[in-house]
Amino acid sequence: MTSLRRLALALPILLVVPIVAADPAPTPDALPPKGYVCYLAGKAPTIDGKLDDDCWKGVPWTDDFVDIEGDKKPKPAHRTRAKMTWNDKALYIAAEITEPHVWATLTEHDSVIFADPDFEVFIDPDGDNHLYAELELNAKNTTWDLLLTKPYKDGGKAINAWEITDLKTAVKVNGTLNDPSDKDIGWTVEIAWPWGSLIELGNKVSLPKDGDRWRINFSRVEWDFEVKDGKYVKIPKRQEHNWVWSPQGVIDMHRPERWGYLQFSTKADGVKYEPDPAQAIKDALHRVYYAQRDHHGKNKKFTANVADLGVKADGVEVQTTWNGFEATATSKNGNRWTIREDGRLTRE
Numbered sequence: 004m005t006s007l008r009r010l011a012l013a014l015p016i017l018l019v020v021p022i023v024a025a026d027p028a029p030t031p032d033a034l035p036p037k038g039y040v041c042y043l044a045g046k047a048p049t050i051d052g053k054l055d056d057d058c059w060k061g062v063p064w065t066d067d068f069v070d071i072e073g074d075k076k077p078k079p080a081h082r083t084r085a086k087m088t089w090n091d092k093a094l095y096i097a098a099e100i101t102e103p104h105v106w107a108t109l110t111e112h113d114s115v116i117f118a119d120p121d122f123e124v125f126i127d128p129d130g131d132n133h134l135y136a137e138l139e140l141n142a143k144n145t146t147w148d149l150l151l152t153k154p155y156k157d158g159g160k161a162i163n164a165w166e167i168t169d170l171k172t173a174v175k176v177n178g179t180l181n182d183p184s185d186k187d188i189g190w191t192v193e194i195a196w197p198w199g200s201l202i203e204l205g206n207k208v209s210l211p212k213d214g215d216r217w218r219i220n221f222s223r224v225e226w227d228f229e230v231k232d233g234k235y236v237k238i239p240k241r242q243e244h245n246w247v248w249s250p251q252g253v254i255d256m257h258r259p260e261r262w263g264y265l266q267f268s269t270k271a272d273g274v275k276y277e278p279d280p281a282q283a284i285k286d287a288l289h290r291v292y293y294a295q296r297d298h299h300g301k302n303k304k305f306t307a308n309v310a311d312l313g314v315k316a317d318g319v320e321v322q323t324t325w326n327g328f329e330a331t332a333t334s335k336n337g338n339r340w341t342i343r344e345d346g347r348l349t350r351e
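Residue 190 in this note's numbering sits at position 187 of the sequence shown, and the numbers go up by one each step.
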């Protein structure tokens, strides 16, 4: 057990209500995870929120963000996109958030930042769906960093006491903050996330090597508002808008299996993104996982018979355990993948 995994069991926890009351399954066949090649930086950016450093000029943007549910919902009203680069010190993230009315209220670190319009980062270096990090910040550059033991739907807890060591963030507002009398362009974000707080998030995770893939996603939370007494005020009883890079299929960012892939390159440009060759197996295992949860809800037990689940899961074998189940499948190159009842995905 790594020191961080011991810490996850020892630190105080912050109980956060899951985003969804029900537990619908995403649609992996319709929403394949997005991919992004993260090139090596020639020189690290200055973290000032301006995005005018030379190292950013040749770095490609992600696709524009879409609704968290994908094509089920209309395209976002305003553009959001991100870009990334890296060196031996940190992973660098930039975001451009178009918004004609930039506002923020929270100023205390580790406030529940998504109560304001915000930008969020989710990272799971080893892609096992467990022990992952979340970072949120608003247009005042107020941050909230969280360690998640596992997704809320699997009984996970958010560890609010966890801090990203030596994290640097900055925001630049292109307009006027909290002034409804004019129109703004938006705000930009820069983040330097040191490797020390990233490589501890996984088993046998080290500084990235050429071709390594990590799981990552971004979210923008936006609220409908009205102006009262010269101030922005959220319209009561309106649900927030969730705009993301790689769609989740459901209104829940805590489905790490639907996050995008960050493919590291030691080159400066010209590398093609290569989809994960194990994606089909991962999707099949997650179909079994969600079907097992449904089966347990109806029958109060898991099943060792894949046919009972009514899902496409060619090559998947299932066995029940004293407190759950394990589903396994083997890829063409001989890697054996396993998912269990709490959603943890591992490779032998």
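Backbone N, C-alpha and C fix where the C-beta goes; we use that ideal spot for every residue, glycine too.
- Fewer than three pairs of CB atoms, one per stretch, sit closer than 8 Å, so the segment 154-161 makes no contact with the segment 170-180.
- Nearest to D215 by C-alpha distance, out of S222, K207 and I254, is K207.
- Taken in chain order, the complete beta strand (DSSP E) segments of 3 or more residues contained in the segment 193-231 are 216-225 and 228-231.
- Between G263 and P36, the C-beta spacing is below 8 Å.
- The residue among V319, K78, V62 and H81 with its C-alpha nearest the C-alpha of I96 is V62.
- Using a Cβ distance threshold of 8 Å, G52 and K153 do not count as a contacting pair.
- With contact defined as three or more Cβ pairs closer than 8 Å, the segment 91-107 and the segment 192-208 are in contact.
- Beta-bridge partners of M87 (DSSP): I96.
- Assigned with DSSP and collapsed to three states, Q242 falls in coil, not helix or strand.
- With a 10 Å radius around the Cβ and a threshold of 16 neighbouring Cβ atoms, D66 comes out exposed.
- Ranked by how close their Cα comes to the Cα of A307, the residues W340, K86, E320 and L204 have E320 in first place.
- DSSP places Q282 within a helical segment (H, G or I) once states are collapsed to three.
- In the structure shown, R82 adopts coil according to DSSP, grouped into three states.
- Across the set P211, K234 and D297, the C-alpha of P211 shows the shortest separation from the C-alpha of P128.
- DSSP lists A332 and R350 as the bridge partner or partners of W340.
- Only residues of its own chain outside the window of five on either side were considered, and among them L288, V291, V319, V321 and I342 have a CB closer than 6 Å to the CB of A330, listed in chain order.
- Among the bridge pairs identified by DSSP, E320 is matched with T331.
- Taken in chain order, the whole beta strand (DSSP E) runs of length 3 or more contained in the segment 95-141 are 121-127 and 135-140.
- For Y276, the three-state secondary structure derived from DSSP is coil.
- The alpha helix (DSSP H) runs lying completely inside the segment 23-72 and spanning 4 residues or more are 57-60, given in chain order.
- The criterion of a C-beta distance shorter than 8 Å is not satisfied by K75 and D57.
- In the assembly as shown, Y235 is a buried residue. Its beta-carbon has 16 or more other beta-carbons within 10 Å.
- For T146, the enclosing beta strand (DSSP E) covers residues T146 to L151.
- Cβ neighbours of E351 within its own chain (closer than 6 Å, five residues either side excluded): R339.
- Of all C-beta pairs linking the segment 114-129 to the segment 249-265, three or more are shorter than 8 Å, placing the two stretches in contact.
- Of the candidates T333, I284, F328 and N336, F328 places its Cα closest to the Cα of E344.
- K270 and A44 have their C-alpha atoms roughly 9 Å apart.
- Nearest to L201 by C-alpha distance, out of K275, R82, D91 and K304, is D91.
- Cβ contact annotation for G233 (same chain, cutoff 6 Å, sequence separation greater than five): none.
- From the listed residues T83, T145, V314 and E137, the smallest Cα separation to H112 is found for T145.
- Within a 10 Å sphere around the beta-carbon of W217 sit 16 or more other beta-carbons, which makes this residue buried.
- From the listed residues S209, V309 and K237, the smallest Cα separation to T108 is found for K237.
- In the three-state scheme derived from DSSP, where H, G and I count as helix and E and B as strand, L288 is classed as helix.
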